Each structure stands twice: as C-alpha cells, then as structure tokens.
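All residue numbers for the sequence shown refer to the UniProt record's numbering, where the first residue is 1 and numbers rise by one. Worksheet: one structure, shown below.
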Amino acid sequence: MQYQEFKEWLENNSNSKHIFLTKWKNYQISKNSKRTGKTKKWDDDKIIRTGEEEWKKIVANTYQKLKSHLGIPKYNGYQEWIDFIEKNEILESFDNSILEIELE
1 MQYQEFKEWL
11 ENNSNSKHIF
21 LTKWKNYQIS
31 KNSKRTGKTK
41 KWDDDKIIRT
51 GEEEWKKIVA
61 NTYQKLKSHL
71 GIPKYNGYQE
81 WIDFIEKNEI
91 LESFDNSILE
101 IELE
C-alpha cells in the first residue's frame, strides 16, 4: 500500500482525524488566550493549516512503522496491508492513541 492509499483508507475508516483536529483547535485557542504582545495570536486559517500538517506527520509516522513490518508487496499489497491492520487491530489501537493524546 502506498502512503496516499493508506492515508485515504485511514481517513475513510476512522474518525481520528476529526478528533485530532478538534483537540488541536481547542488547544490552539487555549494557547491564543496566552499569546500577547510580540506573540501574535493565530487566526483560524493558521490553526487549521498547522493542524492538518501535524495530522500528516502522525499518519506518515504510522505508515512508516507499518511499512517497516510489511514493506510494499508487489502483488495484493493493498489487501495484505488491510489484512495485517485488521488482524493486529491496528486501527483500534490508532484510534485509542488519538483519543488519549494530550497536547501540551
């Protein structure tokens, strides 16, 4: 499975992106209340943009970890990845990690 396929599959089969971005936005709004003077407050566009960037880092990190175990098989690679993810409950583990994440 290629990275883009994995990212799309993950986002279609999990609500973790929404949960993470909501946590990210709330965290940045909280930080905005402490930003004064030279530390400029972030507008909604910047909060969303940086949240998307952080999400991509999380997905890329997860992809690299899975790729180190599975590689990119020449034949039936997509299905091999899905089978591995389901067998090892990777999606459930990923979702739980996102639910438990605390931004500081």
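C-beta atoms are modelled at their ideal positions from N, C-alpha and C, and glycine is treated no differently. The model shown is predicted, which means the values in this text are computed figures rather than measured ones.
Let me know the secondary structure DSSP gives Asn-76 once reduced to three states.
Here Asn-76 sits in coil by DSSP.
The alpha helix (DSSP H) with Lys-46 in it runs from where to where?
Taken as a continuous stretch (DSSP letters only), the alpha helix (DSSP H) holding Lys-46 covers 44 to 70.
Locate the alpha helix (DSSP H) running through Glu-5, then write down its first and last residues.
It spans 3 to 13 - the alpha helix (DSSP H) in which Glu-5 sits, taken as one unbroken run.
Could you check what DSSP says for Asn-26 in three-state terms: helix, strand or coil?
In the structure shown, Asn-26 sits in a helix (DSSP, three-state: H, G or I).
Whole-angstrom C-beta distance between Ser-16 and Asp-95, which should lie under 8 Å
About 5 Å separates the Cβ atoms of Asp-95 and Ser-16, confirming a contact at the 8 Å cut-off.
Please return the same chain residues whose Cβ sits closer than 8 Å to the Cβ of Gln-2, not counting the five positions on each side in sequence.
Excluding sequence neighbours, Gln-2 sits near Ile-72.
Straight-line Cα distance separating Glu-89 from Gln-64
Taking the straight line from one Cα to the other gives about 17 Å.
Alpha carbon to alpha carbon, how far is Tyr-78 from Glu-100?
Each residue's Cα considered, the two are about 28 Å apart.
Beta-carbon proximity list for Gly-51, same chain, < 8 Å, skipping 5 on both sides
Excluding positions up to five away in sequence, the list reads Phe-20, Leu-21, Trp-24, Lys-25, Gln-28.
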